[in-house]
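Colleague: Take this structure, written in structure tokens, and hold onto it; I'll ask about it next.
In the UniProt record's numbering, the protein residues as written are 1 to 459.
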């Protein structure tokens, strides 16, 4: 059998018409049926493309010149958009982003879960899809003898030069990062060098409560000691009164993980506060807290709608984290049981329940797939189960535990359409029926999409 060669060669320049787009925002064009993936290209555009990689069944190209421009193309407001890679969709109109994400969820459910003929609603977007992130983590480095901060260039650990703002993070976070950088530079606090494993300052993290406007500064260091700590801390909080907490996190490991195990408060409180709807949350340096609270409110409102609580239900919240969804559910349910494998998150969940005077919740540390069969043995019969797993989706044992418990309704909150589709297939095969799915745009300008699925027990 003669091996068929791809119809293009590496470094060849071709004319290409784009007919589709991937979930990461790459344009897709075909040469004699052979797909080429090209960043920053949009469907309907014709362009000159340089072929940069050729594989057996597909290849990759680089956009050289657009000959016919899509009406959905917009000018990215970020100066380093092409180099950074943190956002993938700034060149695309927001309406097209929302439509793309709806189609992504719909197509993934069909291809992976073989689930069709159910409503996948238009994506819930933002009125202003910019400056929404309440947390930023910025690496620190050296250039031309001074400290610099900025995100890494795509697929590298090289800090992008001249990056002084991020158009998807809150403006206060930009200002705080710059203030910390300037003070550290003036005081001679050195930047961490991952090659030599020397230096002090690894990352600057800023967290802001969007509703409260309280700010936490987290200084991530390689060393236990922060040089000129007293002067640094005093100047920072006296200059910026919105700062409520200055924290040092010590990370001595030679690792890409940003935060280390040890955290100590240098000044102010251990927590800042924020609200989502009527619920108040205490946020520590290491708390998991959604980065886009206005959209989180829309996401949780939809989860609450799909749970269809009347006040008498027993609810389980698997992967409950710091209790964000649990506390929303508790406002409408008789009792909510939360389970989470991270002990610190459960401590936060209990504190957040106490903070809001919510008494109909119980939180447990452990693996949901092990705790839930134990609950079943104790006679606990949930009416509704809510799951909000990480990107890898639900553990198969957890899905089996849910099927065994036979709740009337399951609400699945997902940050990954592929694992959502896979898990819905298992639930459908176990006697459940997916009723509808609602995509929510938690991360505008990026290819990520959240979705909420309403699932009922077949009668």
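From the three backbone atoms N, C-alpha and C, an ideal C-beta is built for every residue, glycine too.
Which residues in the same chain as residue 431 place their Cβ atom closer than 7 Å to its Cβ, once the five residues preceding and following it in sequence are excluded?
Modeller: Translated into the one-based positions of the chain shown, residue 431 becomes position 431. Once the five neighbours on either side are set aside, the close Cβ partners of residue 431 are 403, 457, 458.
Colleague: Where residue 419 and residue 306 are concerned, what is the direct C-alpha to C-alpha distance, given to the nearest angstrom?
Modeller: The sequence position of residue 419 within the chain shown is 419, counting from 1. The sequence position of residue 306 within the chain shown is 306, counting from 1. Near 20 Å, if we compare the C-alpha coordinates of residue 306 and residue 419.
Colleague: Counting only the same chain and skipping the five closest in sequence on each side, list residues whose C-beta sits under 8 Å from that of residue 309.
Modeller: Position 309 of the chain shown holds residue 309. Excluding positions up to five away in sequence, the list reads 315, 329, 332, 333, 384.
Colleague: Using the Cα positions of residue 377 and residue 142, report the straight-line distance between them to the nearest angstrom.
Modeller: As a first step, residue 377 must be located in the chain shown, where it is residue number 377. As a first step, residue 142 must be located in the chain shown, where it is residue number 142. Looking at the two C-alpha atoms, the distance is approximately 59 Å.
Colleague: Within 8 Å, do at least three Cβ pairs link the segment 141–159 to the segment 214–232?
Modeller: Judged by Cβ distances under 8 Å, the segment 214–232 makes no contact with the segment 141–159, as fewer than three pairs qualify.
Colleague: Using the C-alpha atoms, what's the distance from residue 284 back to residue 293?
Modeller: Here the question's residue 293 lines up with position 293 in the chain shown. Here the question's residue 284 lines up with position 284 in the chain shown. Their backbone Cα atoms lie some 16 Å apart in a straight line.
Colleague: What does DSSP give as the partner residue(s) for residue 443 in the beta ladder?
Modeller: Your numbering for residue 443 matches position 443 in the chain shown. DSSP lists no partner for residue 443.
Colleague: Under 8 Å Cβ to Cβ from residue 440, same chain only, skipping five residues before and after it: list those, please.
Modeller: Here residue 440 refers to the residue found at position 440 of the chain shown. Cβ within range, chain order: 123, 124, 295, 298, 299, 302, 449, 450, 451, 452.
Colleague: Classify residue 409 as helix, strand or coil using the three-state DSSP reduction.
Modeller: Locating residue 409 in the chain shown gives position 409, counting from the first residue. Residue 409: strand per DSSP, three-state reduction.
Colleague: Take residue 161 as the anchor and find which of 83, 135, 16, 71 has the nearest alpha-carbon.
Modeller: Locating residue 161 in the chain shown gives position 161, counting from the first residue. Of the listed residues, the one whose Cα sits closest to residue 161 is 83.
Colleague: Using 8 Å as the threshold, is the C-beta distance between residue 411 and residue 120 below it?
Modeller: Counting from one through the chain shown, the residue named residue 411 turns up at place 411. Counting from one through the chain shown, the residue named residue 120 turns up at place 120. It is not a contact, given that the beta carbons lie outside the stated cut-off.
Colleague: Can you give the Cα-Cα distance for residue 204 and residue 364, rounded to whole angstroms?
Modeller: As a first step, residue 204 is located in the chain shown; it is residue number 204 there, counting from the start. As a first step, residue 364 is located in the chain shown; it is residue number 364 there, counting from the start. Looking at the two C-alpha atoms, the distance is approximately 32 Å.
Colleague: What does the alpha-carbon distance come out to for the pair residue 41 and residue 371?
Modeller: In the chain shown, the residue the question calls residue 41 occupies position 41. In the chain shown, the residue the question calls residue 371 occupies position 371. Going by the C-alpha atoms only, they are around 48 Å apart.
Colleague: Taking the beta strand (DSSP E) that residue 202 belongs to, which residues open and close that run?
Modeller: Position 202 of the chain shown holds residue 202. Residues 201–208.
Colleague: Among 129, 23, 324, 239, which has the Cα closest to the Cα of residue 182?
Modeller: Looking up residue 182 in the chain shown gives position 182. For residue 182, the nearest C-alpha among the options comes from 239.
Colleague: With a threshold of 6 Å on Cβ separation, who are the neighbours of residue 265 within its own chain once the five nearest residues in sequence on each side are excluded?
Modeller: Taking the chain shown and counting its residues from 1, the one referred to as residue 265 is at position 265. Around residue 265: 247.
Colleague: Using the C-alpha atoms, what's the distance from residue 61 back to residue 90?
Modeller: Here the question's residue 90 lines up with position 90 in the chain shown. Here the question's residue 61 lines up with position 61 in the chain shown. Distance between the alpha carbons of residue 90 and residue 61 is about 19 Å.
Colleague: Thinking C-beta only, is residue 30 closer than 8 Å to residue 15?
Modeller: Here the question's residue 15 lines up with position 15 in the chain shown. Here the question's residue 30 lines up with position 30 in the chain shown. Not in contact: residue 15 and residue 30 (Cβ atoms no closer than 8 Å).
Colleague: Checking the sheet assignment: what are the DSSP bridge partners for residue 53?
Modeller: What you label residue 53 is simply residue 53 of the chain shown in a count that begins at 1. DSSP output for residue 53 lists 60 as bridge partner(s).
Colleague: In terms of alpha-carbon separation, which member of 267, 262, 226, 255 lies closest to residue 461?
Modeller: The shown model of the chain, from 1 to 459, leaves out residue 461, and the question about it has no answer.
Colleague: Between the beta-carbon of residue 118 and the beta-carbon of residue 434, is there less than 8 Å?
Modeller: Here the question's residue 118 lines up with position 118 in the chain shown. Here the question's residue 434 lines up with position 434 in the chain shown. For residue 118 and residue 434, yes; Cβs fall inside 8 Å.
Colleague: Work out the CA separation of residue 79 and residue 279 for me, nearest whole Å.
Modeller: Within the chain shown, residue 279 is the residue found at index 279, counting from 1. Within the chain shown, residue 79 is the residue found at index 79, counting from 1. Approximately 37 Å between the Cα atoms of the pair.
Colleague: Which of helix, strand or coil does DSSP assign to residue 385?
Modeller: One-based indexing of the chain shown puts residue 385 at position 385. Here residue 385 sits in strand by DSSP.
Colleague: Measure the C-alpha to C-alpha separation of residue 369 and residue 291 and round it to an integer number of angstroms.
Modeller: Residue numbering aside, residue 369 sits at position 369 when the chain shown is read from its first letter. Residue numbering aside, residue 291 sits at position 291 when the chain shown is read from its first letter. Answer to the nearest angstrom: the Cα atoms are 27 Å apart.
Colleague: Could you please give the first and the last residue of the uninterrupted alpha helix (DSSP H) stretch that includes residue 328?
Modeller: Here residue 328 refers to the residue found at position 328 of the chain shown. First-last of the alpha helix (DSSP H) with residue 328: 324–330.
Colleague: Which residue comes first and which comes last in the alpha helix (DSSP H) that contains residue 429?
Modeller: Within the chain shown, numbered from 1, the residue matching residue 429 stands at position 429. It spans 417–429 - the alpha helix (DSSP H) in which residue 429 sits, taken as one unbroken run.
Colleague: Tell me which residue opens and which closes the beta strand (DSSP E) that residue 29 is part of.
Modeller: Here residue 29 refers to the residue found at position 29 of the chain shown. Looking at the DSSP string, the run of the beta strand (DSSP E) that includes residue 29 is 27–31.
Colleague: Taking 8 Å as the threshold, find out whether the segment 172–188 comes into contact with the segment 102–117 through three or more Cβ pairs.
Modeller: Short answer: they don't touch.
Colleague: Which two residues bound the contiguous alpha helix (DSSP H) that contains residue 249?
Modeller: Mapped onto the chain shown, residue 249 falls at position 249. Premise fails: residue 249 lies in the beta strand (DSSP E), 243–250, not in any alpha helix (DSSP H).
Colleague: Using 8 Å as the threshold, is the C-beta distance between residue 50 and residue 13 below it?
Modeller: Locating residue 50 in the chain shown gives position 50, where the first residue counts as 1. Locating residue 13 in the chain shown gives position 13, where the first residue counts as 1. In contact: residue 50 and residue 13 (Cβ atoms closer than 8 Å).
Colleague: Express the C-alpha separation of residue 110 and residue 56 in angstroms, rounding to a whole number.
Modeller: What you label residue 56 is simply residue 56 of the chain shown in a count that begins at 1. What you label residue 110 is simply residue 110 of the chain shown in a count that begins at 1. The straight-line gap from Cα to Cα measures roughly 26 Å.
Colleague: In whole angstroms, what separates the C-alpha of residue 47 from that of residue 27?
Modeller: Start at 1 with the first residue of the chain shown, and residue 47 comes out as number 47. Start at 1 with the first residue of the chain shown, and residue 27 comes out as number 27. Near 11 Å, if we compare the C-alpha coordinates of residue 27 and residue 47.
Colleague: Does any C-beta atom of chain B lie closer than 8 Å to the C-beta of residue 408?
Modeller: Within the model displayed, chain B is absent; a lone protein chain is all it includes.
Colleague: Assuming residue 25 and residue 92 are in contact, meaning their beta carbons sit under 8 Å apart, how far apart are those beta carbons, in whole angstroms?
Modeller: Position 25 of the chain shown, counted from the first residue, corresponds to residue 25. Position 92 of the chain shown, counted from the first residue, corresponds to residue 92. Correct: roughly 7 Å between the Cβ atoms.
Colleague: State the DSSP-derived secondary structure class of residue 41, mapped to helix, strand or coil.
Modeller: Here residue 41 refers to the residue found at position 41 of the chain shown. Residue 41: coil per DSSP, three-state reduction.
Colleague: Rounding to the nearest angstrom, what Cα-Cα distance links residue 133 and residue 38 in this structure?
Modeller: On the chain shown, residue 133 is found 133 positions in, with the first residue counted as 1. On the chain shown, residue 38 is found 38 positions in, with the first residue counted as 1. If I take the Cα positions, the gap works out to 28 Å.
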